[in-house]
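Student: Residue numbers (the working numbering): 14 to 244. All C-beta atoms, glycine included, are put in the ideal place defined by N, C-alpha and C. Bear in mind the structure is a predicted one, so any value in this text is a computation, not a measurement.
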Amino acid sequence: MVIKAWYEALVHVFYPSLCYGCNNELIQGDQYICLQCQTEMGRTYFESIRDNPVEKLFWGRADIQCAASTFYYIDKTPLQQIVHHIKYRQEKELGIHMGEIMGIHGTEFFTECKTDLCIPMPLHPKKEYKRGYNQASLLCEGIFKQTGIPYNEKALVRNENTRTQTKKSRIERWKNVASVFDVIEPSIINDKHVVVVDDVITTGASTEACVNMLLQHGAKTVGIYSLAFTL
Ligand SMILES: [Zn+2]
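(1) Nearer than 6 Å: is that true of the beta carbon of Gly34 relative to any heavy atom of ligand 1?
(2) On a Cα-Cα basis, can you pick out the residue from Arg171, Asn147, Val67 and Phe84 that is closest to Ile77?
(3) Helix, strand or coil, according to DSSP, for Pro199 in the structure here?
(4) Taking only heavy atoms of ligand 1 into account, decide whether any of them is closer than 6 Å to the Cβ of Ala153.
(5) Between the C-alpha atoms of Leu244 and Leu48, what's the straight-line distance to the nearest angstrom?
(6) Taking the straight line between their C-alpha atoms, what separation do you get for Thr124 and Gly145?
(7) Look at the alpha carbon of Val210 and the alpha carbon of Ile16, and state the distance between them as a whole number of angstroms.
(8) If we call anything under 7 Å between Cβ atoms a contact, is Ile95 one with Tyr33?
(9) Considering only heavy atoms of ligand 1, does any lie closer than 6 Å to the CB of Met47?
(10) Assuming Ala241 contacts Thr83 under a Cβ cut-off of 8 Å, what Cβ separation, rounded to an integer in Å, is found between them?
(11) Can you name the residues that DSSP bridges to Glu38?
(12) Any idea which residues DSSP pairs Gly236 with across the strands?
(13) Are the beta-carbon atoms belonging to Lys158 and Glu113 less than 7 Å from one another?
(14) Determine the closest residue to Lys69 out of Leu227, Gly231, Thr216 and Met226, with distance taken between C-alpha atoms.
(15) Tell me where the beta strand (DSSP E) around Asn84 begins and ends.
(16) Could you compute how far the alpha carbon of Ser192 sits from the alpha carbon of Leu130?
(17) Is Cys50 near ligand 1, judged by its Cβ being under 6 Å from some heavy atom?
(18) Let me check one thing: in DSSP terms, what residues is Tyr164 bridge-paired to?
(19) Spatial neighbours of His230 within its chain, please: C-beta separation below 8 Å, excluding the five flanking residues on both sides.
(20) Please determine, among Gly119, Ala75 and Leu152, the residue with the shortest C-alpha to C-alpha distance to Pro135.
(21) Do Glu60 and Pro91 have their C-beta atoms within less than 7 Å of each other?
(22) Between Ser219 and Glu38, what straight-line distance do the alpha-carbon atoms span, to the nearest angstrom?
(23) So, with DSSP's three-state summary, where would you put Thr216?
(24) Apart from the five residues on each side of it in sequence, which residues of its chain come closer than 6 Å, Cβ to Cβ, to Val207?
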């Protein structure tokens with residue numbers, strides 16, 4: 014044990030782990046994010062608040078069971094850096110870690126939604142091929158590790174040919190967004206309480222289309238849970 018601790022200390026001197034939020038050296042014991050950044054990441058506490066701003070965003074647009082985000086998404090904050098690392102820097106372990114944090118804070122939320130299954134927001138297939146993974150699936154994996162709630166990446170897919178949105182009327186644009194997604198295995202979601210998991214919710218247009226598609230194909234109820242919410 015002494016040798017192991019000594020070895021770890023030595024590795025830390027030569028290869029210090031850096032915080033994904035601020036790039037400063039992590040002290041031993043901290044994982045991925047330093048204490049300072051952890052305190053600067055704006056918690057919403059929406060998981061235990063009904064009629065919260067995320068739910069209000071979908072009022073009149075999608076018949077959701079409940080919705081929440083763990084953090085606020087604000088420019089130039091540690092969380093923005095963290096999301097960047099997950100999406101563009103191949104930091105998959107960090108994605109799973111953030112999913113675990115969502116799982117810890119989401120216990121009450123998942124119970125309220127009676128959650129049977131999480132569905133990661135599908136990426137455009139070309140984007141997923143290029144990136145090699147879907148960041149929302151990483152979040153689902155973390156949630157599963159923490160809560161035991163399973164997830165499925167196969168039931169809902171994003172269609173390949175999404176036509177350009179400009180020069181279309183509002184109705185045409187809405188139809189276009191609605192046809193972006195497809196449920197290819199309805200039996201997976203049939204009669205289930207489903208929660209759509211995403212990284213950042215901004216306008217909620219794609220999420221709305223996802224929810225409606227899942228409801229049309231037999232999901233009993235649909236909720237939404239994201240890592241962050243844009244103010
Ligand atoms: Zn930091």
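Tutor: In brief:
(1) For the purposes of this step, residue 34 is identified with residue 21 of the sequence shown, where counting begins at 1. The closest heavy atom of ligand 1 lies less than 6 Å from the beta carbon of Gly34.
(2) Indexing the sequence shown from 1 puts residue 77 at position 64. Val67 is the residue among Arg171, Asn147, Val67 and Phe84 whose C-alpha sits nearest the C-alpha of Ile77.
(3) Position 186 of the sequence shown, counted from the first residue, corresponds to residue 199. It is helical.
(4) The residue given as residue 153 occupies position 140 in the sequence shown. Residue identity check: residue 153 is Cys in the sequence provided, not Ala. Outside the cutoff, so no.
(5) Translated into the one-based positions of the sequence shown, residue 244 becomes position 231. Translated into the one-based positions of the sequence shown, residue 48 becomes position 35. For the pair Leu244 and Leu48, the Cα-to-Cα distance works out to about 24 Å.
(6) What you label residue 124 is simply residue 111 of the sequence shown in a count that begins at 1. What you label residue 145 is simply residue 132 of the sequence shown in a count that begins at 1. For Thr124 and Gly145, the gap between their C-alpha atoms comes out near 32 Å.
(7) As a working mapping, residue 210 is identified with position 197 in the sequence shown. As a working mapping, residue 16 is identified with position 3 in the sequence shown. Cα-Cα distance, rounded: 43 Å.
(8) Taking the sequence shown and counting its residues from 1, one reaches residue 95 at position 82. Taking the sequence shown and counting its residues from 1, one reaches residue 33 at position 20. Yes, the Cβ-Cβ distance between Ile95 and Tyr33 is below 7 Å.
(9) Reading the sequence shown from its first residue, position 34 is the one you call residue 47. For clarity, residue 47 is Cys in the given sequence; the question names Met instead. Yes, since a heavy atom of ligand 1 falls inside the 6 Å radius drawn around the Cβ of Cys47.
(10) Against the sequence shown, residue 241 aligns to sequence position 228. Against the sequence shown, residue 83 aligns to sequence position 70. In this structure Ala241 is in contact with Thr83, their Cβ atoms being roughly 7 Å apart against a cut-off of 8 Å.
(11) Here residue 38 refers to the residue found at position 25 when the sequence shown is read from its first residue. Paired residues: Leu31.
(12) Looking up residue 236 in the sequence shown gives position 223. Gly236 is bridged to Val208.
(13) Locating residue 158 in the sequence shown gives position 145, where the first residue counts as 1. Locating residue 113 in the sequence shown gives position 100, where the first residue counts as 1. Yes, the Cβ-Cβ distance between Lys158 and Glu113 is below 7 Å.
(14) Here residue 69 corresponds to residue number 56 of the sequence shown, with the count starting at 1. If you compare the alpha carbons of Leu227, Gly231, Thr216 and Met226 with that of Lys69, the shortest gap goes to Thr216.
(15) Stepping through the sequence shown from its first residue, residue 84 is reached at position 71. Note on identity: in this sequence residue 84 is Phe, with Asn being the wrong assignment. From DSSP, the beta strand (DSSP E) with Phe84 extends over Ala80 to Tyr86.
(16) Position 179 of the sequence shown, counting from 1, holds the residue named residue 192. Position 117 of the sequence shown, counting from 1, holds the residue named residue 130. Going by the C-alpha atoms only, they are around 23 Å apart.
(17) Residue 50 sits at position 37 when you count from the first residue of the sequence shown. Yes, Cβ of Cys50 sits closer than 6 Å to a heavy atom of ligand 1.
(18) Residue mapping note: residue 164 aligns to position 151 of the sequence shown, counting from 1. Looking at the DSSP output, Tyr164 shares a beta bridge with Cys131.
(19) By 1-based counting over the sequence shown, the position of residue 230 is 217. In its chain, beyond the 5 residues on either side, Val196, Pro199, Ile202 and Asn203 have a beta carbon closer than 8 Å to the beta carbon of His230.
(20) By one-based count along the sequence shown, residue 135 stands at place 122. For the residues Gly119, Ala75 and Leu152, the minimum Cα distance to Pro135 belongs to Leu152.
(21) Position 47 of the sequence shown holds residue 60. Position 78 of the sequence shown holds residue 91. In this structure, Pro91 does not lie closer than 7 Å to Glu60 by Cβ.
(22) Locating residue 219 in the sequence shown gives position 206, counting from the first residue. Locating residue 38 in the sequence shown gives position 25, counting from the first residue. The C-alpha of Ser219 lies about 37 Å from the C-alpha of Glu38.
(23) As a working mapping, residue 216 is identified with position 203 in the sequence shown. DSSP places Thr216 in coil when its eight states are reduced to three.
(24) One-based indexing of the sequence shown puts residue 207 at position 194. Closer than 6 Å at Cβ, skipping near neighbours: Leu130, Ile132, Leu227, Ala232 and Val235.
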